[in-house]
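Residue numbering for the sequence shown is 1 to 83, as defined by the UniProt record's numbering.
Even glycine gets a Cβ: it sits at the ideal position worked out from N, Cα and C.
Everything numeric in this text was worked out from a predicted model, so none of it was measured.
Report on the following structure.
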Amino acid sequence: MTGWRIKAVPGRGLRRTGEDGFALPLQISSGRQPRAIADLELTPAEAEQLHAALCYALGGQPPPAGAPECRQAVHYPGGRQRY
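Set out below in structure tokens:
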């Protein structure tokens, strides 16, 4: 038997909540069976911390086609390029 898995819900992205926060829908599965969808609720500070951690983790990797503008390469004077 395969264990529990949590992943993003396709087609349902991050959204703002009425309490000045954010919610990211996550699908919880057991084996290959989806069991539930639950929101990961984040304060603005938590969202910033997650954003910074993801930027750090993705650093140096070229963005895939269709990536958001913030993932596009920044060209620095002297010819250096950074993602």
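1) Entirely within the stretch 26-64 and at least 3 residues each: give me those beta strand (DSSP E) ranges in chain order.
2) Using alpha carbons as the reference points, say which of 3, 7 and 72 lies closest to residue 39.
3) How big is the Cα-Cα spacing for residue 27 and residue 77?
4) For the pair the stretch 8-28 and the stretch 39-49, tell me if three or more CB-CB distances fall below 8 Å.
5) Using CA coordinates, which residue listed in 56, 17, 36 and 3 is at the minimum distance from residue 9?
6) Is the separation between the beta-carbon of residue 62 and that of residue 71 shorter than 7 Å?
7) What's the C-alpha gap between residue 55 and residue 69?
Reading off the structure:
1) 33-42
2) For the purposes of this step, residue 39 is identified with residue 39 of the sequence shown, where counting begins at 1. Nearest option by C-alpha distance: 7.
3) Walking along the sequence shown from the start, residue 27 turns up at place 27. Walking along the sequence shown from the start, residue 77 turns up at place 77. C-alpha separation (whole angstroms): 44 Å.
4) yes
5) In the sequence shown, residue 9 corresponds to position 9, counting from 1. Among 56, 17, 36 and 3, the Cα nearest to that of residue 9 belongs to 36.
6) Along the sequence shown, one-based indexing puts residue 62 at 62. Along the sequence shown, one-based indexing puts residue 71 at 71. Their beta carbons are not under 7 Å apart, which means residue 62 does not touch residue 71 by this criterion.
7) Position 55 of the sequence shown holds residue 55. Position 69 of the sequence shown holds residue 69. Looking at the two C-alpha atoms, the distance is approximately 13 Å.
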